[in-house]
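Enquirer: These protein sequence lines are chains A and B, in that order. Residues 17 to 195, numbered by this note's numbering, are exactly what the first sequence covers, in order. Residues 9 to 441, numbered by this note's numbering, are exactly what the second sequence covers, in order. Note that the Cβ used here is the ideal one computed from N, Cα and C, for glycine as well. Since the structure is predicted, the reported quantities are computational estimates derived from the model, not experimental observations.
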Amino acid sequence: MRQALDRFYRISGGIGAIFIAAICVTVLIQVSFNLIDRIAQLTTGKAYGLVLPSYAEFAGYFLAAGTFFALADTLQSGNHIRVNLVIQRISGKARRVIEGWCCLLGAAFSAYFTYWAANHAYESFVFGDLSPGIVPVPIWIPQVSMILGLVALTICFIDLFAQVLAGRDPDYLSQSEEL
Amino acid sequence: MEQVIAGVVLVIVLFALLASGVWVALSLLVVALVGFLLFVDAPMGLILATSVWGANNSWALAALPMFIWIGEILFRSSLSRDLFSGLAPWLARLPGGLLHVNIVGCGIFAAVSGSSAATCATIGKMSVPELRQRLYEDKMIIGTLAGSATLGLLIPPSIILIVYGVAIEESVARLFLAGIGPGIMMLLLFMGYVVVWALFNKEKMPEPEPSVGFVQTIKQSGSLIPVFLLIAGIISSIYAGIASPTDAAAVGVFLSLLLVWFNGELTWESFRDGLIGATRTSCMIALILSGAAFLTVAMGFTGIPRALASFIGDLGLSEWELLAALTIFFIILGCFLDGISVVVLTTAVIVPMVEVVGIDRIWFGIFLVLVVEMSQITPPVGFNLFVLQGITGENILKIAVTALPFFFLLIVGVVLITLFPDIVMYLPNQMNR
Numbered sequence: 017m018r019q020a021l022d023r024f025y026r027i028s029g030g031i032g033a034i035f036i037a038a039i040c041v042t043v044l045i046q047v048s049f050n051l052i053d054r055i056a057q058l059t060t061g062k063a064y065g066l067v068l069p070s071y072a073e074f075a076g077y078f079l080a081a082g083t084f085f086a087l088a089d090t091l092q093s094g095n096h097i098r099v100n101l102v103i104q105r106i107s108g109k110a111r112r113v114i115e116g117w118c119c120l121l122g123a124a125f126s127a128y129f130t131y132w133a134a135n136h137a138y139e140s141f142v143f144g145d146l147s148p149g150i151v152p153v154p155i156w157i158p159q160v161s162m163i164l165g166l167v168a169l170t171i172c173f174i175d176l177f178a179q180v181l182a183g184r185d186p187d188y189l190s191q192s193e194e195l
Numbered sequence: 009m010e011q012v013i014a015g016v017v018l019v020i021v022l023f024a025l026l027a028s029g030v031w032v033a034l035s036l037l038v039v040a041l042v043g044f045l046l047f048v049d050a051p052m053g054l055i056l057a058t059s060v061w062g063a064n065n066s067w068a069l070a071a072l073p074m075f076i077w078i079g080e081i082l083f084r085s086s087l088s089r090d091l092f093s094g095l096a097p098w099l100a101r102l103p104g105g106l107l108h109v110n111i112v113g114c115g116i117f118a119a120v121s122g123s124s125a126a127t128c129a130t131i132g133k134m135s136v137p138e139l140r141q142r143l144y145e146d147k148m149i150i151g152t153l154a155g156s157a158t159l160g161l162l163i164p165p166s167i168i169l170i171v172y173g174v175a176i177e178e179s180v181a182r183l184f185l186a187g188i189g190p191g192i193m194m195l196l197l198f199m200g201y202v203v204v205w206a207l208f209n210k211e212k213m214p215e216p217e218p219s220v221g222f223v224q225t226i227k228q229s230g231s232l233i234p235v236f237l238l239i240a241g242i243i244s245s246i247y248a249g250i251a252s253p254t255d256a257a258a259v260g261v262f263l264s265l266l267l268v269w270f271n272g273e274l275t276w277e278s279f280r281d282g283l284i285g286a287t288r289t290s291c292m293i294a295l296i297l298s299g300a301a302f303l304t305v306a307m308g309f310t311g312i313p314r315a316l317a318s319f320i321g322d323l324g325l326s327e328w329e330l331l332a333a334l335t336i337f338f339i340i341l342g343c344f345l346d347g348i349s350v351v352v353l354t355t356a357v358i359v360p361m362v363e364v365v366g367i368d369r370i371w372f373g374i375f376l377v378l379v380v381e382m383s384q385i386t387p388p389v390g391f392n393l394f395v396l397q398g399i400t401g402e403n404i405l406k407i408a409v410t411a412l413p414f415f416f417l418l419i420v421g422v423v424l425i426t427l428f429p430d431i432v433m434y435l436p437n438q439m440n441r
């Protein structure tokens, strides 16, 4: 179970990373198109007018997907920042109560958020909303990344809460240096 | 009156959440939700989904992971060594000697990377051991590094300026342009301070470096060429108007990878670690920004920013009085929160307020960055202090004391840009025509 969950967070984070890399690739293709056009303009006097359709829009979707897929991995590895000023002075049982509160609040909120993200995407689907660019994409498709990422985040918060209940330090504490 | 109660309640809830260790982004989201529950009658679930989706699905924000990635790639490369050996022969002759390598090195790295922690870590990794070996005063080694690493936030590309620009829907390219003048000004201030300090404390300075001769100097500078090409590639494409910051950032990632590959340092592990690190950092910041986006909408519904803005307008404060008050407020806030959270939290409420007094929002962004830089080197939550603690092994308080002169220089910087707003506004104003 433990291993399966860890792998789940890593894979989800890996998908996020691939989307981040995809932003770079998309933009680079467009930039090289611009470059080819510029050179063609200079040598033949005529540009091809090469464009990667809606590339800015796609970069935005990739960014959103990258962020949402990486949420759980970022949480578990202790990369979401928090104010440690007060809680670092507290240890033992009281500290465990605090960590439990944080994880429980996180689980409740992300479950609520997941529901509304799904609702949001469902509305886009029902109304057949299309993206405004040259290539009209049904907007619910990129919005699915928000749902999936939030589902993973909710699972991660519940997992962390269970760890606190089991009486051990949640993963984000052991994996990050105490700032 | 209702707004006063709402404001006080929400501030208390926010601080209670933050103090109890709830993640910053989650605290922002939850406090906005509380605001809706108590004071606003609106479909909050749907607003939550649309505002967070809108904040993340953004072309301008796509520059953020790219610039973070550049920092991650270069941090894992031999760039810090190249910078040191290339800069040292040029700067060794100035009073203050190789201490200037810290300052200029940070300035150069800041021009390719957007984060002050990455700047601090990359430059410090090489310069701290080298300078210690040459018996420079420890206080000055750490102080110059702590101070000038904050330039990572000011000299474009800058993560904080991207976040600020996206949050207030202002052109990131114009904000970047605005950061250049003040960035150079702070570099000169820092170097000037080191020169003066070295002249007054000759007995504390180590023997000057043996002169290596002009030919050798030029030869060693060869190691600087790749990084200068990288800076030129990124900066010039933005400023020539060819590329948006996001385009330039993607090109920067490509050039950095090329550079590392050319040096034979590109392995699958370093590539993967860099990408994952960038994804996590970017995810963390994007989630905070999401929280802020939702909070901004909630705030708009409660009417608190409008009430506060008209209150400030009625006070009839002068620009100076308002800025002095805000500086103190931000420094205090910066003691508890990191820079990005400070920027994101305040834009919703304070930017409308300062515009009432007639302060330009681009100028205010630079002001905000300078003040946030101060908070990076003040305890207890100064991010650069933690990085330096890792590099030097000294405790936070001692590092903070060494950084104190640079804290005051940043205040001088704030006064200077207030006296001469053109230091900030000259370049972006040129872009308009």
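Give the straight-line distance between the Cα atoms of Pro137 of chain B and Thr254 of chain B, rounded to the nearest whole angstrom.
Expert: As the crow flies, the alpha-carbon of Pro137 of chain B is around 36 Å from that of Thr254 of chain B.
Enquirer: Would you kindly report the start and end of the unbroken alpha helix (DSSP H) that includes His108 of chain B?
Expert: 107 to 118
Enquirer: Flag this pair as touching only if the segment 38 to 49 of chain B and the segment 148 to 157 of chain A have three or more C-beta atom pairs under 8 Å; answer yes or no.
Expert: Cβ pair count under 8 Å is below three, so no.
Enquirer: Do you know how far the Cα of Gly299 of chain B is from the Cα of Val352 of chain B?
Expert: 9 Å
Enquirer: Determine the closest residue to Leu396 of chain B out of B:Leu107, B:Cys128, B:Ala181, with distance taken between C-alpha atoms.
Expert: B:Cys128
Enquirer: Name, please, each residue of chain B whose Cβ falls closer than 7 Å to the Cβ of Met162 of chain A.
Expert: Trp61
Enquirer: Along the segment 298 to 310 of chain B, what residues have a CB closer than 7 Å to any CB found in chain A?
Expert: Those would be none; no residue qualifies.
Enquirer: For the alpha helix (DSSP H) containing Glu402 of chain B, list its first residue and its last residue.
Expert: Counting along the chain, Glu402 of chain B falls outside any alpha helix (DSSP H), and DSSP gives it neither H nor E.
Enquirer: Tell me, please, whether the segment 331 to 340 of chain B touches the segment 84 to 92 of chain B by the rule of three or more beta-carbon pairs shorter than 8 Å.
Expert: no
Enquirer: Among B:Asn403, B:Pro216, B:Pro190, which residue has its Cα nearest to the Cα of Trp98 of chain B?
Expert: B:Pro216
Enquirer: Measuring only the C-alpha atoms, how far is Leu25 of chain B from Gly43 of chain B?
Expert: 14 Å
Enquirer: With a threshold of 8 Å between beta-carbons, can Ala286 of chain B be considered close to chain A, or not?
Expert: yes
Enquirer: Is the Cβ of Asp281 of chain B closer than 8 Å to any Cβ of chain A?
Expert: no
Enquirer: Beta-carbon within less than 7 Å of Ser126 of chain A's beta-carbon, same chain only, minus the 5 sequence neighbours each way: which residues are those?
Expert: The beta carbon of Ser126 of chain A lies closer than 7 Å to those of Leu166, Leu169, Thr170, Phe173 in the same chain, with the five residues before and after it left out.
Enquirer: Is there a C-beta anywhere in chain B that falls below 8 Å from the one on Ala247 of chain A?
Expert: With chain A running from 17 to 195 in the structure shown, residue 247 of chain A is simply not present.
Enquirer: Return yes when the Cβ of Leu161 of chain B is within less than 8 Å of the Cβ of Leu435 of chain B, no when it is not.
Expert: no
Enquirer: So what does DSSP say about Pro51 of chain B, is it helix, strand or coil?
Expert: coil
Enquirer: In three-state DSSP terms, what is Pro165 of chain B?
Expert: coil
Enquirer: For the alpha helix (DSSP H) that Cys119 of chain A lies in, which residues bound it at each end?
Expert: 108 to 142
Enquirer: Bridge partners of Pro154 of chain A, per DSSP?
Expert: DSSP, once it has assigned bridges, lists A:Leu146 as partnering Pro154 of chain A.
Enquirer: In this structure, how does DSSP classify Arg184 of chain A when only helix, strand and coil are distinguished?
Expert: coil
Enquirer: Using a 10 Å radius around the Cβ and a threshold of 16 neighbouring Cβ atoms, would you call Tyr64 of chain A buried or exposed?
Expert: exposed
Enquirer: Within 8 Å of any Cβ in chain B, is that where the Cβ of Cys172 of chain A sits?
Expert: no
Enquirer: Mark Met439 of chain B as exposed unless 16 or more other C-beta atoms lie within 10 angstroms of its C-beta, in which case mark it buried.
Expert: exposed
Enquirer: Find the nearest neighbour of Ala126 of chain B within the set B:Leu139, B:Arg84, B:Val109, judged by alpha-carbon distance.
Expert: B:Arg84
Enquirer: Going by the beta-carbon positions, is the gap between Ala80 of chain A and Ser161 of chain A smaller than 8 Å?
Expert: yes
Enquirer: Counting only beta-carbon atoms, is Gly144 of chain A nearer than 8 Å to chain B?
Expert: no
Enquirer: Give, in chain order, every unbroken run of the alpha helix (DSSP H) that is at least 4 residues long and sits entirely within the segment 195 to 281 of chain B.
Expert: For the segment 195 to 281 of chain B, whole alpha helix (DSSP H) runs of length 4 or above, ordered along the chain, are 222 to 229, 233 to 247, 253 to 270.
Enquirer: On the three-state DSSP scale, how would you describe Glu193 of chain A?
Expert: With a pLDDT of 44 at Glu193 of chain A, under the threshold of 50, the predicted position of this residue should be treated as unreliable, though the coordinate-derived value follows. DSSP places Glu193 of chain A in coil when its eight states are reduced to three.
Enquirer: Does any C-beta atom of chain A lie closer than 8 Å to the C-beta of Cys114 of chain B?
Expert: no
Enquirer: By Cβ distance, which residues of its chain are closer than 7 Å to Ile374 of chain B, with the 5 residues on each side in sequence left out?
Expert: Ala186, Gly187, Pro190, Ile425, Val432
Enquirer: Establish whether the CB of Ile36 of chain A and some CB of chain B are separated by less than 8 Å.
Expert: yes
Enquirer: How many Å lie between Ile370 of chain B and Ala175 of chain B at the Cα?
Expert: For the pair Ile370 of chain B and Ala175 of chain B, the Cα-to-Cα distance works out to about 12 Å.
Enquirer: Give me, in chain order, the residues of the same chain whose beta-carbon lies closer than 7 Å to that of Leu265 of chain B; leave out the 5 immediate sequence neighbours on both sides.
Expert: Ile81, Leu274
Enquirer: Could you tell me the distance, in whole angstroms, from the CA atom of Phe129 of chain A to the CA atom of Ala57 of chain B?
Expert: The straight-line gap from Cα to Cα measures roughly 7 Å.
Enquirer: Tell me the DSSP secondary structure of Lys62 of chain A in three-state form.
Expert: coil
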